[in-house]
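Converting from the sequence shown to the working numbering requires adding 23 to each position, the first position being numbered 1.
Encoded as structure tokens, the structure appears first; notes follow it.
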Amino acid sequence: MSAIVARDVAKTFRAGWIRRRVIHALRGVTLDVPRGAIFGLLGPNGAGKTTLLSILATLLTPDRGTVTVLGHDVVREATELRHRLNMSTGNASFLWSLRAEEILGFYARLYGLSGRRLRRRIDELIELCELGAYRRVLYNELSTGIKQRLALAKSLVNDPELLFLDEPTLGLDPDVSVRIRRRIATLRRERGMTIVLTTHYMREAEELCDEIAFIKGGLILAGGTAAELKRQFALGDVIVFRLDPPTATWLADVPGVLRYAEADGRVECVVDEADKRLPALLDALHAEGVVVRDVRVSEPELEEVFVELAR
């Protein structure tokens with residue numbers, strides 16, 4: 024069953040007073056997000072990621088198309104849907120003079136929590152997001168990383184079935200980003216939460232996401248698992264040989280070899296699956312009397328897919 028079903032979604036904005044400009048943020052987006060999945064939405068700046076997330080979260084209405092989230096239409100049934108959703112952004116901003124626990128308390132009250140239930144929920148979120156040392160610290164005195172963890176805690180006050188994360192590790196130090204990613208993975212593993220996140224970080228998407236969609240110019244250009252996307256763009260595993268004699272151009276015709284190249288005295292073969300193709304390549308080289316001095320295998324990076332699509 025799908026948590027999100029979007030069909031032909033379009034959204035246009037108009038800007039400027041003297042010279043009116045029409046900005047086509049979304050041009051007909053279609054996607055399905057399975058329940059319980061972490062779904063990544065990747066794309067360059069201005070691609071339409073945040074606009075799409077805002078429509079899915081009932082913050083914007085589409086100009087065209089239909090969107091069903093958790094079985095509800097995001098336009099006609101937005102009120103019934105909102106208590107089951109929440110959202111966190113990498114550019115979160117809360118009132119500077121409130122303490123961390125006061126910020127969590129304010130948002131929890133918006134979802135009807137009070138009294139003992141409210142205090143218990145604040146304690147749970149502070150423990151979950153490791154904010155114990157900062158619960159009484161003013162917001163404007165928190166570091167960027169702690170603010171991000173507070174924003175994530177805020178987005179969990181209603182224990183949402185569907186969580187939207189817009190650039191959750193934007194601008195964070197690597198060690199803080201790792202902790203945020205671990206927390207996101209834990210939410211899905213322990214609570215079965217469906218999570219949709221946008222990110223510019225390919226390693227983050229590859230580490231976290233079950234499925235990924237690339238968006239550019241308001242259109243979904245490609246989608247699938249990281250492995251499927253790499254195969255789709257012929258970005259297979261790379262096998263590098265050091266051979267004697269140092270050339271074997273006929274390897275280009277071996278089944279499963281996508282590309283053959285020679286550089287710096289080495290032979291490089293891009294293959295669909297290294298585990299499957301390496302034994303056959305070694306057998307073929309041996310049969311031709313070629314001595315293999317060295318062999319190395321590496322996997323392609325999801326960033327290569329991003330570069331191909333962003334051109």
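For every residue, glycine included, the Cβ atom is placed at its ideal position computed from N, Cα and C.
This one's a predicted model, so the numbers in the text were calculated from it and none came from an experiment.
Chain-order list of residues whose beta-carbon lies under 8 Å from that of residue i (same chain, five-residue window excluded)
i: valine 90; result: Ile27, Val28, Ala29, Arg30, Val32, Ile78, Leu79, Asp96, Val97 and Val98
i: arginine 254; result: Asp295
i: glutamate 153; result: Arg172 and Arg202
i: phenylalanine 129; result: Leu121
i: glutamate 103; result: His95
i: glycine 155; result: Ile149
Minimum C-alpha distance to residue i - residue among the options
i: proline 278; options: Gly288, Glu234, Cys292 and Thr73; result: Cys292
i: valine 261; options: Val318, Thr248 and His47; result: Val318
i: serine 321; options: Leu308, Phe264 and Leu305; result: Phe264
i: threonine 270; options: Glu227, Asn181, Leu49 and Ala284; result: Ala284
i: phenylalanine 117; options: Gly246, Arg43 and Ala176; result: Ala176
i: glycine 59; options: Ala307, Ala245, Ala249 and Arg212; result: Arg212
i: alanine 174; options: Met216, Leu127 and Glu311; result: Leu127
i: leucine 133; options: His309, Pro57 and Leu179; result: Leu179
i: glutamate 227; options: Gly51, Gly240, Arg204 and Arg214; result: Arg204
i: glycine 51; options: Pro302, Glu229, Arg44 and Lys34; result: Lys34
i: tyrosine 162; options: Gly94, Trp119, Glu147 and Gly39; result: Trp119
i: glycine 69; options: Val290, His309 and Gly240; result: Gly240
i: arginine 289; options: Thr272, Glu103, Leu104 and Ala38; result: Thr272
Spatial distance of residue i from residue j (CA atoms)
i: aspartate 233; j: glycine 63; result: 8 Å
i: glycine 66; j: leucine 54; result: 15 Å
i: asparagine 114; j: glutamine 171; result: 8 Å
i: threonine 221; j: leucine 82; result: 16 Å
i: valine 199; j: glycine 168; result: 6 Å
i: threonine 73; j: arginine 300; result: 41 Å
i: leucine 231; j: valine 92; result: 22 Å
i: arginine 140; j: glutamate 100; result: 27 Å
i: threonine 112; j: leucine 75; result: 14 Å
i: glycine 247; j: glutamate 327; result: 15 Å
i: threonine 84; j: arginine 143; result: 35 Å
i: proline 323; j: leucine 49; result: 30 Å
i: serine 137; j: tyrosine 157; result: 22 Å
i: serine 166; j: leucine 210; result: 23 Å
i: isoleucine 306; j: arginine 214; result: Note that residue 306 is aspartate in the sequence shown here, rather than isoleucine. Roughly 48 Å between the two C-alpha positions.
i: leucine 308; j: histidine 223; result: 41 Å
i: histidine 47; j: isoleucine 61; result: 27 Å
i: arginine 43; j: proline 197; result: 42 Å
i: proline 268; j: aspartate 276; result: 18 Å
i: glutamate 311; j: proline 302; result: 14 Å
Exposed unless 16 or more other CB atoms sit within 10 angstroms - verdict on residue i
i: methionine 24; result: exposed
i: leucine 252; result: buried
i: leucine 150; result: Looking at the sequence shown, residue 150 is not leucine but glutamate. By the 10 Å Cβ count, glutamate 150 comes out exposed.
i: isoleucine 41; result: exposed
i: arginine 316; result: exposed
i: leucine 195; result: buried
i: valine 313; result: buried
i: phenylalanine 36; result: exposed
i: proline 191; result: buried
i: alanine 131; result: buried
i: leucine 71; result: With the sequence shown as reference, residue 71 is identified as glycine, and leucine is not the correct amino acid for it. Looking at its Cβ environment, which holds 16 or more other Cβ atoms inside 10 Å, glycine 71 is buried.
i: valine 45; result: exposed
i: glycine 286; result: In the sequence under discussion, the amino acid at residue 286 is alanine, which differs from the glycine named in the question. It is exposed - the Cβ of alanine 286 has fewer than 16 other Cβ atoms within 10 Å.
Distance between beta carbons of residue j and residue i, contact taken as under 8 Å
i: arginine 159; j: arginine 122; result: 5 Å
i: isoleucine 207; j: isoleucine 218; result: 6 Å
i: leucine 186; j: asparagine 109; result: 6 Å
i: leucine 266; j: leucine 304; result: At roughly 11 Å, the Cβ-Cβ gap does not stay under 8 Å, so leucine 266 and leucine 304 are not in contact.
i: glycine 259; j: leucine 281; result: 5 Å
i: methionine 216; j: glutamate 184; result: 7 Å
i: glutamate 164; j: isoleucine 145; result: Rounded, the Cβ-Cβ distance is 19 Å, inconsistent with contact.
Residue i Cβ short of 7 Å to the ligand NAD heavy atom set
i: aspartate 196; result: This structure lacks the ligand NAD, and indeed carries no ligand of any kind.
Chain D contact for residue i (CB, 8 Å cutoff)
i: aspartate 298; result: Here chain D cannot be found, since the structure has a single protein chain.
Nonlocal neighbours in the same chain, by C-beta distance under 6 Å from residue i, ignoring five residues either side
i: leucine 188; result: Ser111 and Leu220
i: glutamate 229; result: Ala249 and Leu325
Chain-order list of residues whose beta-carbon lies under 7 Å from that of residue i (same chain, five-residue window excluded)
i: histidine 106; result: Tyr134 and Asn181
i: alanine 245; result: Phe237, Leu252, Gln255 and Leu332
i: proline 57; result: Ser25 and Ala26
i: alanine 38; result: Arg44 and Ile46
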